[in-house]
Amino acid sequence: MTSRTKLLRFVPGLVGGLTLVLLAFGTPAGAYHTNFTWGCNNQWENVARVRRSDARLYAYVAASEGYQWGGGCWNNNNVDDSPGDPPRDPNTRGEGPDCSGFTFKSWLERSETSDAGFRYHYWLQNVHGPYSAAAFKSGAGAPNITVAKASTVYMDAFASTNHIGMIYWANTAYNQDRIIEAKCEACGTGTWARTYRGNPDYTGVRRLYWQ
Amino acid sequence: MKKKWRWPLAGFVLGGLVGATLLTVNVVGASSPVPAGAESNSFGEILHTPPLLARASEPIELRYDVVCGGAKDEPGGTCSPKGSVFVRASGANGFVEQPLEREPDGLLSAEVSVGDGGFDYYAEIENGHGETATLPEAAAAAPQHVWPLRSWTTVDLGAESFGETTPPSSVVSELTWGKGTQALGLDSGQEQSRIGPSAFDVAPDGSIVVLDQVNHRLSRLRPDGTSMQLPIDFAGGEGDLAVGGDGTIYVLDAGASQPVVRSFSPAGDLIAGTPLGEATGDMIRVGSDGPLVHAYPSEMWLPTGRGRPPLAPEQQLSGAQAARTVDGGQAVVVSASPAEARFALVRGGDVVGSWLVRSSTSLGEVQLAEPYGDGLLVVVRVWDENQAVFRVLRLAPDGLAGSFAVDRAEWAETASLSRFRLHGSTLYQLRSDPSGVEIAAFEIGGTR
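Written as structure tokens, this is what we have:
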């Protein structure tokens, strides 16, 4: 068999093998954009009480890391690794949390709603938690209560029926609050000055039992 | 195995391995905790609200908090920052260092005398991990400032009744939600904000220019009722917009990782763009020398330049101003809290006029504060747990010259402080409900 003949038989096989693998595994990745969550995990550990400042630091890491409807997995490279995912599709498998998942992880809550204890969720743990924004707004779950907005402090939250954001720094010069939140696919996750405090659509929400 | 299948099979296996390697590298690389080049150990952020306006000769407390950078993926991790403020009395030459004390709640603070002329200051803080930062970032080159209030006009609003609101004098434009020529984009859904057009402004020819960022365009609504859509680059979910006296349109694209300011001709052609010098910006306005962006964490106004090229981030930081410059060599200063809101018109270090607005109902954000006659026109939210209105105040040197309540009409979110604009003696409001958006006008009266 000549080299040319070998090559003519080898190349179709190479193309076929490459095509088969990319079609079998690459097509879902393409359909799901970056398939960021492929590298996520389910690692967590239960911990004793933590401070609000620790929770704010945890949330701060997620800033600039993107937004994913129904998501909860991010790294710390300050880049949305899955920008432009089609919104409101949990199957896009992009980086970042949504608003309620972000609050759940940042408040170190547990998936068991009757358990008010703290649980550290690793950044890459792809968990959303059991609460929607509306559930937080009603104070659902053992760790959560509603509070008067006038009495809120940092790392309390303001929740409406479709969104929740946590207080990063209260009372700016223009009397807003800097909020840390997973805002929307185009917005990503970050800190912005907001006027939720005075908006009747929003309720004050507090995670209990901080150290 | 027949020999004729050996080479195709070898190719097939190798192709499969190459494909699998490509996918693995791609996916694992995207979801690695710390990809190459990531800023994994940055300083973090200094948090501080500048007092800006304080009673002369009384001490005030400067308070700081720090969110540490370089966090590890493990429980805890809060650092123990320490530092100093550097204070310079107005008119003095050098800054004097004053150590920051740690309070029981963990904040760092220092008590500073306002003096008769006010003072400049900046903070230098080490985050406990060996990294140091200053706030404002340009430190002594562009420090924060506090103006002294020797006398002021007090306006007591009492308790808000939350009764009837004043209807608009007219509705300038009505648009539905959508993508058509008479529509504005709405980004909404479960577990995210309901986001409509972020901002608007009034152009010199009377057109309303709306930042329809959901549709990646500007909508120009002409006085004759016709409209024009101008496609623009816009990466973030929200932003702000201001139109200059020459018709140039300035857009703040408030993305999560790096805000950008772009300028456009009245026809929508891109003139220039520049990254913002700080991590977050919430307002863009046109001052006497061009566009200014209110930025965080400094809470100062950064000039971004009216020309081409615009100002680079370092130039913005070195030109940061504590007050927002307006025409006539004056500047507006706002310092508000739930109990009272302070406003001043200043000229350099001198306070030209100052007002203290009190209410027994909680005050919310100051939506607008613009020179009006020899005073200010102010729009401030007044709220309790279940209701809210915007209250329009005409502040004159001798007190409150007029006041009325406006329906909040905030079904969809805008940029946080961009619901109102003043043009001449007409106050415009961007209002929304489930059916769409309207631009409403309120005639203020008096002389601007």
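Chains as they are written, first to last, in the numbering used here: chain A, 1 to 211; chain B, 1 to 448.
We put the beta carbon where it would ideally sit given N, CA and C, even for glycine.
From a predicted model like this one, the values you see are computed outputs, not experimental measurements.
### Message
Mapping the DSSP letters down to three states, classify Glu314(B) as helix, strand or coil.
### Response
DSSP places Glu314(B) in helix when its eight states are reduced to three.
### Task
Closer than 7 Å by beta-carbon distance: list the chain B residues that pair up with Arg56(A), in chain order.
Going along chain B in sequence order, the residues near Arg56(A) (Cβ under 7 Å) are Val67.
### Message
Can you list, in chain order, the residues of its chain with a C-beta nearer than 6 Å to that of Val214(B)? Leave out the 5 residues immediately preceding and following it.
### Response
Counting only Cβ-Cβ distances below 6 Å, and skipping sequence neighbours, we find Gly185, Asp187.
### Message
Quick check: the stretch 403 to 412 of chain B against the stretch 375 to 393 of chain B, are at least 3 beta-carbon pairs closer than 8 Å?
### Response
The stretch 375 to 393 of chain B, when compared against the stretch 403 to 412 of chain B, does touch it at the 8 Å Cβ threshold.
### Query
Nearest chain A C-beta to Trp383(B) closer than 9 Å, yes or no?
For Trp383(B), the closest Cβ of chain A is nearer than 9 Å.
#### Entry: Candidates Gly373(B), Met300(B), Gly319(B): closest to Gly328(B) by CA position
That would be Gly373(B), whose Cα lies nearest to the Cα of Gly328(B).
### Message
Between which residues of its own chain and Asp65(B) is the CB-CB distance below 8 Å, once the five residues before and five after are set aside?
### Response
Only Ile46, Leu47, His48, Gly106, Leu107, Leu108 meet the Cβ criterion.
### Message
Does the stretch 83 to 92 of chain A come into contact with the stretch 104 to 120 of chain A, if we say contact requires no fewer than three beta-carbon pairs (one atom in each stretch) closer than 8 Å?
### Response
Contact between the stretch 83 to 92 of chain A and the stretch 104 to 120 of chain A is absent, because fewer than three Cβ pairs lie under 8 Å.
### Task
Using a Cβ cut-off of 7 Å, pull out every chain A residue sitting near Thr78(B), in sequence order please.
Per Cβ cutoff of 7 Å: Arg51, Ser53, Asp54, Leu57.
### Task
Confirm, please, whether the CB-CB distance from Arg381(B) to Gly364(B) is below 9 Å.
In contact: Gly364(B) and Arg381(B) (Cβ atoms closer than 9 Å).
### Query
Quick one: does Ala116(A) have its CB under 9 Å from some CB of chain B?
Interface flag for Ala116(A) against chain B is unset, since no Cβ pair is found closer than 9 Å.
### Query
Buried or exposed: where does Leu208(A) fall if 16 or more other Cβ atoms within 10 Å of its Cβ makes it buried?
Leu208(A) comes out exposed.
### Task
Use the C-beta contact count for Arg97(B): other C-beta atoms within 10 angstroms, 16 or more gives buried, fewer gives exposed.
Inspection of the sequence shows that residue 97(B) is occupied by Glu rather than by Arg. Glu97(B) is classed as exposed because its beta carbon has fewer than 16 other beta carbons within 10 Å across all chains shown.
### Below-9 Å beta-carbon distance, Tyr296(B) vs any chain A residue
True, the Cβ-Cβ gap to chain A drops below 9 Å.
### Task
Sort out for me which residues DSSP pairs Asn46(A) with in a bridge.
Looking at the DSSP output, Asn46(A) shares a beta bridge with Arg119(A).
### Message
Tell me the DSSP secondary structure of Cys73(A) in three-state form.
### Response
In the structure shown, Cys73(A) falls within a strand segment according to DSSP collapsed to helix, strand and coil.
### Query
Leu363(B) touches chain A at which residues, Cβ-Cβ below 9 Å?
Simply Asn175, Gly198.
### Query
Using CA coordinates, which residue listed in Thr132(B), Gln192(B), Pro167(B) is at the minimum distance from Ala159(A)?
Nearest of Thr132(B), Gln192(B), Pro167(B) to Ala159(A), Cα basis: Gln192(B).
#### Entry: Cβ neighbours of Ser318(B) in the same chain (closer than 8 Å, five flanking residues each side left out)
Apart from the 5 residues on each side of it in sequence, Ser318(B) sits with its Cβ closer than 8 Å to the Cβ of Ala138, Ala141, Ala142 in its chain, given in chain order.
#### Entry: Same chain, Cβ closer than 7 Å to Ala369(B), neighbours up to 5 away in sequence not counted
Contacts found: Val332, Val334, Phe343, Leu376, Val378.
### Query
Under 9 Å, do Asp253(B) and Ala235(B) count as touching if we go by C-beta distance?
Between Asp253(B) and Ala235(B), the CB-CB gap stays under 9 Å.
### Query
Which residues in the same chain have their Cβ closer than 7 Å to the Cβ of Gly399(B), if we skip the five residues on either side of it in sequence?
In its chain, beyond the 5 residues on either side, Thr153, Val155 have a beta carbon closer than 7 Å to the beta carbon of Gly399(B).
### Message
Trp44(A) and His121(A) - do their beta-carbons sit closer together than 9 Å?
### Response
With respect to Trp44(A), His121(A) sits close: the two C-beta atoms are nearer than 9 Å.
### Query
Can you name the residues that DSSP bridges to Tyr250(B)?
Under DSSP, the beta-bridge partners assigned to Tyr250(B) are Ala242(B), Ser263(B).
### Task
Within its chain, find whatever has a CB closer than 6 Å to the CB of Ala440(B); leave out the 5 residues flanking it on each side and keep chain order.
When the five nearest sequence neighbours on each side are left out, the beta carbons in the same chain lying within less than 6 Å of the beta carbon of Ala440(B) are those of Pro168, Val171, Gln429, Arg431, in order along the chain.
### Three-way DSSP call (helix, strand, coil) for Thr5(A) in this model
Helix.
### Query
In whole angstroms, what separates the C-alpha of Glu160(B) from that of Thr361(B)?
The straight-line gap separating the alpha-carbon atoms of Glu160(B) and Thr361(B) is approximately 6 Å.
### Query
Out of Ala412(B), Pro309(B), Gly290(B), Pro297(B), which has the shortest C-alpha to C-alpha gap to Pro303(B)?
Selected option, being the one with the closest Cα: Gly290(B).
### Query
Helix, strand or coil for Thr189(A) per DSSP?
Secondary structure of Thr189(A) (DSSP, three-state): strand.
### Message
At the level of alpha carbons, what is the spacing between Pro81(B) and Arg51(A)?
### Response
Approximately 16 Å, taken between the alpha carbons.
#### Entry: Pick from Ser288(B), Gly287(B), His294(B), Asp233(B) that is closest to Phe483(B), judged by C-alpha positions
Only positions 1 to 448 of chain B appear in the structure, and residue 483(B) is not among them; the question remains open.
### Task
Name, in chain order, the residues that DSSP records as bridge partners for Val389(B).
Among the bridge pairs identified by DSSP, Val389(B) is matched with Val382(B).
### Message
My output table needs one value for Ser138(A): the three-state DSSP class, helix, strand or coil.
### Response
Ser138(A) falls in the coil class under three-state DSSP.
### Task
Measure the beta-carbon distance from Glu410(B) to Ile195(B) and round it to whole angstroms, keeping in mind my assumption that it falls under 8 Å.
Actually they do not touch by this definition, with Cβ atoms about 12 Å apart.
### Query
So which residues of chain A does Thr49(B) contact, with C-beta pairs closer than 7 Å?
Asn171, Thr172, Ala173, listed in chain order.
### Task
Starting from the Cα of Phe119(B), find the closest Cα among Gly69(B), Asp240(B), Asn386(B), Leu53(B) and give me that residue.
Comparing alpha-carbon positions, the option among Gly69(B), Asp240(B), Asn386(B), Leu53(B) lying closest to Phe119(B) turns out to be Leu53(B).
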